[in-house]
Amino acid sequence: MNKEMIKYPFYLIVHPFNGFWDLKYEHNKRISLIISFVILFLLVVTNVLSSQYSGFLVNLYNPENMNSLMEALYVVVPVLFWCVANWSLTTLMDGEGKFDEIFTSTCFALLPLVLINFPWIWLSNLISIQEAMFYYFFTSFAVLWFVFLLFVGNMTVHQYTPSKSVGTILLTIVAMGFMAFLCLLFFSLVQQMVAFFSVIYQEIVNRY
Amino acid sequence: MVKKLYKLSAFLLAAMFFLLHISTGPGTVHANNGSDSYNYSFWGESVPAPAAFQATKLVNGASLGIDALREPNDLYVTSDNFIYVMDTGNNRVVIIDEEFHLVDTIDSFLHDGNNDTFSNPRGLFVTDDKHVLIADTGNHRVVHLDQDFNLVKIVDEPQSDLLRDDFVFQPVKVVVDKANRIYVLASGVFDGFMEFDIEGDFTTFIGANRVQVDPIEYFWRRVATREQRSQMRMFIPTEFSNLDINDQGFIYASSTDGADDSIKKLNARGTDILRREGYFSPVGDIRYDYDLGPSRLIDIAVTDSEIYSVLDSRRGRIFTYDGDGHLMYMFGGLGNQLGKFNTPIAIDWFGEDFLVLDRALGEITVFRSTDYGRTLTEAVRSYYRGDEEKANYLFEQTINMNANLDFAYSGIGKALLRQGDYYGAMHHFEQSYDRNNYSKAFLLYRNEVLRQHFSTIMTGIMLIAVGYLSFKIYRKVTRRRRGFSIE
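The listed protein sequences correspond, in order, to chains E and P.
Each residue of the first sequence is one higher than the last, beginning at 1 in the UniProt record's numbering.
Each residue of the second sequence is one higher than the last, beginning at 1 in the UniProt record's numbering.
Here it is, written out as C-alpha cells:
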C-alpha cells in the first residue's frame, strides 16, 4: 500500500493517459489528495532551496529580496488560481471533473518540476558558464513535461477532446488574469476602507 | 530561574549586537566619510561612497586680477597643467598657470595686417605644441593660432556637396587629433562631427547619432496624411553636446538625449567602440526623479588609461568611468556651497585633480583628489597598464575604504586568478557579480580539485561498481538456492 503510494506518481508521469485515468476512476481520493499535498510541498521546498542554493552562474539573487514565504506563495497561489479558474470554466463547459480531481491532477503534473529541478540545485554548483546550457535545457524540459502532463490531466479529468482542452487551458489562463485583477481590486478596496475607518477613529480619539 | 532568564537574554543581546556588527560594520564605517557621494551597486541601488574629490579653491576674474569672467563656456587643461578658459562674454581666452596666476589673455590677433577679434566664441582646444584653436561661433569660423598667438589659418564656410545651400557654419566645440585633422561640433548639424584636413578644407562628417524612433509616433506617422505629416515633428538624430580626444586619437562624444549610448567613443571611421561592460551603461544617474528626467551630459573630459568623466548639467554631478564602463565615482551637485555649482558648463582633468567651470558665476572650482579617489584611479591605471599585482594591492586598499565598490572585487579576483589562487578568485568574482570570470576561475578550480582527488574518486567508482556486481551475483545465487528465478 505504502509502496504503491510512492510508486504511483512516478508511474503517472511516464504513462500519463493511463495514470490520469486511474487517478480519476480507480484511485482512492484521500490518498491522492495526500500525495498531491506532498508534491506541492516538495515543489515549495525545491523553489526555496533553488533560490538560495543554486549555483552563482545560473542564479543571481539579492539576499535583501530573498523571502522564503514569498517563494512558497509563488508556487501555491498560481496553483490555487489555476484550479479555481479551471473549475469555474469547466463547470460551464460540460467538464466532468470535480474540484478535487482538478487539484490532484494539477499537483501530480507538477512532479517533473521537483524531480528535475531538485538535483539541479546541487549540480548547478558544479558547472561552468558554458555548461550552464545543460541546466537551462533540463529546466525547460521539466517545464515542457509539466505542461504536457497538465494538458493530458485536464483532458482526462474533464473527458475533453484535445482541441477543446487546449481552448479551455487558454481560457483558464485568461480567467486567472481576471481573478488576479479582482483580487487586487478587492484588496485595495478593503485597504481603503480600513484606512477610512482608522482615520475616523484617530479623529475621534484626538478630539475627545 | 529569573537570574537564568536574565543571563540568557543578555547573551542573546550580545549575540545580536555581534551579528549586527558583522552585517553592517564594514559598509557603514568606511563608506561614508561625511560626503554625499554615492555609487551604484550591482542591483541598481545607490550606496554611499567616500568622496573622491574635495573642493578646495575658487578661481575667478578677481582672484586673477582681471575683470570678471562673463559667461565662460569652455575650459582646456594642457598636459603641463596650463588652464585655458574660453571667456565667451568678454570675447577672449584667459590663460592661467598651475598656481592659478594669470599668464596671458588673447582677445585679438593679426589677420591680413588688421587686428581681428572674436565674436561669441564658445569652444577652444590647445594642441601639444600649444597651438590654440578657437571655435569663433559668432564669426562662423575656427581660428587656429600658434603658441605666440599668431594666426596660422582660419577655417570658415566649408564648401562641399554634402552640405545644404543654406548651411550656416556655427562651430561650437573643436578638437584636433595627432595628425592635425580638425573635428568641429557645429550647431544645427545632425550628421555628426565635421572633419577638416590639415589645410582646413572640409572632408566629411563622422559619427552621426542614430535616429531614435518612438514606436507610437511611428504608428501615427504611418496613418497620417501627407499634409498632417508635414506638420509633425521630424525624426532627426540628436546633436552631440560636446567632444574630447584622448592620447590615442579616439574621440569621446557626449549627447544630451539620455539614451544608452549618450556617451560614445568614435574611431577614425566614426564607429562607436565604447565598452559598456559595467553593471549599467555609462549614462550618469540610473535612478532619478522622472519629473526632472535623466542626466543631461553636456561635457566630457577624457584622461589617460581610458578614464573619462561626464558632466550632468541637470543635477551638476560629474561621473567618472573607467575604460570598461564601470562607474568609479561621482561628485558635485547644484547648490551654494563650495563644491556645488550653479550652472556647470565645462570640466577637465587637472593632473590628478579636477576643474569645473561655472558659466553664470564665471568661476572655476578646483577639486583636489582625496586619498580614496587617488587610490582608486591609480588602481584602475595599474590594471590598464597590466600591472596586476599593484592593481590588486590598490584595489584591496580601495575596498578597505569602501566595501560597497562592487567592481573593485573583480580587479582583485583577476590578480588572484593570475597568481593561481582560484578559490579566492571565485570568491571575489562572486562579490562583484562577474559571471564570466567566475566561470573561468571555477573551471580551473574544478580541474585542480579533480586532479588532487583523482585516485580517491576513481577508487570510489571502482568500489561501487564491484560492490554492485557482487550484490547482484549474491542475489542470483541465493534466489537460485531458494529454488525460483526471476525468469
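Glycine residues also receive a C-beta, built at the ideal position from the N, C-alpha and C atoms.
Keep in mind it's a predicted model, so treat the numbers as computed, not measured.
The C-beta distance from F20/E to G177/E rounds to 26 Å, too long to meet the 8 Å contact threshold. In the three-state reduction of the DSSP assignment, T456/P falls in the helix class, which pools H, G and I. The DSSP assignment places 371 to 385 and 388 to 401 as complete runs of the alpha helix (DSSP H) inside the stretch 359 to 416 of chain P, in order along the chain (cut-off: 4 residues). When DSSP states are grouped into helix, strand and coil, S188/E belongs to the helix group. Per DSSP, E195/P is one residue of the beta strand (DSSP E) stretching across F193 to F196. By the rule that beta-carbons nearer than 7 Å mark a contact, R435/P touches chain E. Ranked by how close their Cα comes to the Cα of L58/P, the residues L338/P, G386/P and K440/P have L338/P in first place. As for any beta strand (DSSP E) of minimum length 3 sitting wholly inside the stretch 138 to 197 of chain P, the runs are 141 to 145, 151 to 156, 171 to 176, 182 to 186 and 193 to 196, ordered along the chain. Under a criterion of Cβ atoms nearer than 9 Å, no residue of chain E is adjacent to W349/P; the nearest Cβ is some 35 Å distant.
Apart from the 5 residues on each side of it in sequence, N115/P sits with its Cβ closer than 6 Å to the Cβ of S108 in its chain, given in chain order.
Put simply, the backbone Cα of L69/P is about 30 Å away from that of D247/P.
Per DSSP, L327/P is not a residue of any alpha helix (DSSP H); the beta strand (DSSP E) it occupies stretches across L327 to G332. E363/P and A441/P have their C-alpha atoms spaced approximately 50 Å apart. When CB distances to chain P are screened at a threshold of 8 Å, the residues of the stretch 113 to 129 of chain E falling below it are L126, S128 and I129, in chain order.
With the criterion set as a beta carbon lying under 7 Å from some beta carbon of chain P, the members of the stretch 56 to 80 of chain E are F56, L57, L60 and N62, in sequence order.
At a cut-off of 7 Å between beta carbons, F442/P contacts chain E. Taken in chain order, the complete beta strand (DSSP E) segments of 3 or more residues contained in the stretch 191 to 262 of chain P are 193 to 196, 202 to 206, 240 to 245 and 251 to 255.
G19/E: member of the alpha helix (DSSP H) spanning P16 to Y25, first to last residue. Taken in chain order, the whole alpha helix (DSSP H) runs of length 4 or more contained in the stretch 32 to 105 of chain E are 68 to 92. Using a CB distance cut-off of 7 Å, E448/P does not count as an interface residue toward chain E. Around M179/E, the same chain offers F81, V84 and A85 as residues with beta carbons nearer than 8 Å, after the five sequence neighbours per side are excluded.
In the DSSP assignment, S46/P forms a beta bridge with Y40/P.
One alpha carbon belongs to F42/P, the other to N125/E, and they sit about 21 Å apart. When 9 Å is used as the limit between beta carbons, E430/P is near these residues of chain E: F56, in chain order.
Counting only residues of its own chain and dropping the five nearest sequence neighbours on each side, V58/E has a CB closer than 7 Å to the CB of S124, A132 and Y135. The beta carbon of S46/P does not come within 7 Å of any beta carbon belonging to chain E, so the residue lies off that interface. Under DSSP, the beta-bridge partners assigned to D87/P are R92/P.
By the Cβ criterion, the stretch 460 to 473 of chain P is not in contact with the stretch 424 to 440 of chain P, since fewer than three pairs of Cβ atoms, one from each stretch, lie closer than 8 Å. Of the residues L162/P, S119/P and E277/P, the one whose Cα lies closest to the Cα of D191/P is L162/P. Under the DSSP assignment, P72/P falls outside any beta strand (DSSP E); it carries neither an H nor an E label. The C-alpha of T106/E lies about 17 Å from the C-alpha of T46/E. The beta carbon of T139/E is closer than 8 Å to those of I116, N117 and W120 in its chain, skipping five residues each way along the sequence. Between F319/P and M330/P, the C-beta gap is smaller than 7 Å, which places the two residues in contact.
At a cut-off of 7 Å between C-beta atoms, S41/P does not count as an interface residue with respect to chain E.
Residue L297/P holds the alpha-carbon nearest to the alpha-carbon of Y252/P among L297/P, L334/P, S313/P and D166/P. For T78/P, the CB contacts under 6 Å within the same chain, skipping 5 residues up- and downstream, are V126 in chain order.
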